[in-house]
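Asks: I'd like to ask some things about the structure below.
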Amino acid sequence: QEHTAQWDAEEAAKIQREFIDGKVNVLSCSTTFELGVDVGDLQSVVMRNMPPKTANYVQRAGRAGRRAASAALVVTYANRAAHDLAKYQDPVSMIAGQMRIPWVPVDNARIARRHAHSIALAAYFRHRAERDSQTWRQAGPFFSPP
Numbered sequence: 072q073e074h075t076a077q078w079d080a081e082e083a084a085k086i087q088r089e090f091i092d093g094k095v096n097v098l099s100c101s102t103t104f105e106l107g108v109d110v111g112d113l114q115s116v117v118m119r120n121m122p123p124k125t126a127n128y129v130q131r132a133g134r135a136g137r138r139a140a141s142a143a144l145v146v147t148y149a150n151r152a153a154h155d156l157a158k159y160q161d162p163v164s165m166i167a168g169q170m171r172i173p174w175v176p177v178d179n180a181r182i183a184r185r186h187a188h189s190i191a192l193a194a195y196f197r198h199r200a201e202r203d204s205q206t207w208r209q210a211g212p213f214f215s216p217p
């Protein structure tokens, strides 16, 4: 199956479930799968071109072999583009290259507000989980309790 940002959330979730359940055994993904999606226990990752930066490579390649006692295979095809050929000639520069240290501009009020809201919401979820053993796997029940 192809995984693309063109799908709506319901369609993407269906394919992700089918992949995790083993009904779909190969996904062709764009960068939509680079961050934040748990796809279960992958054995291999094949990249059809060289990622732009080391952080992208680490994020994509790191999808395979996450579970204990799991081996991983990562294959990257290099195109005849200058970037791909440079990394093909010196693969260590991609695998062990420099990554930019993440930072947040603390003087940005909008970002500060988002972080404060995130911290408060996370504290609320922890409190509810400890007090009532209440967790939410979907947003609907959180916003519209029974």
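Using this note's numbering, read the sequence shown as starting at 72 and increasing by one per residue. Each residue gets a CB set at the ideal place from its N, CA and C atoms; glycine is no exception.
Evaluate contact between the region 181-190 and the region 143-154, counting only Cβ atoms and requiring at least three cross-stretch pairs below 8 Å.
Replies: no
Asks: Tell me whether the beta-carbon of T102 lies closer than 8 Å to the beta-carbon of Q169.
Replies: no
Asks: Is T147 helix, strand or coil by DSSP?
Replies: strand
Asks: For a test of the three-state rule: what should DSSP assign to A80, helix, strand or coil?
Replies: helix
Asks: Report yes or no: do the region 83-92 and the region 115-124 share at least 3 C-beta pairs separated by less than 8 Å?
Replies: Not touching, per the Cβ criterion.
Asks: For Q205, which residues in the same chain have their Cβ closer than 6 Å to its Cβ, ignoring the five residues on either side in sequence?
Replies: R199
Asks: Between W174, F213, I172, which lies nearest to L192 when the distance is taken from Cα to Cα?
Replies: F213
Asks: Would you decide whether A132 is buried or exposed? Buried here means 16 or more other CB atoms lie within 10 Å of its CB.
Replies: Counting Cβ neighbours within 10 Å, A132 comes out buried, since at least 16 surround it.
Asks: In whole angstroms, what is the alpha-carbon distance linking I86 and S99?
Replies: 11 Å
Asks: Assign M165 to one of three DSSP states: helix, strand, or coil.
Replies: helix
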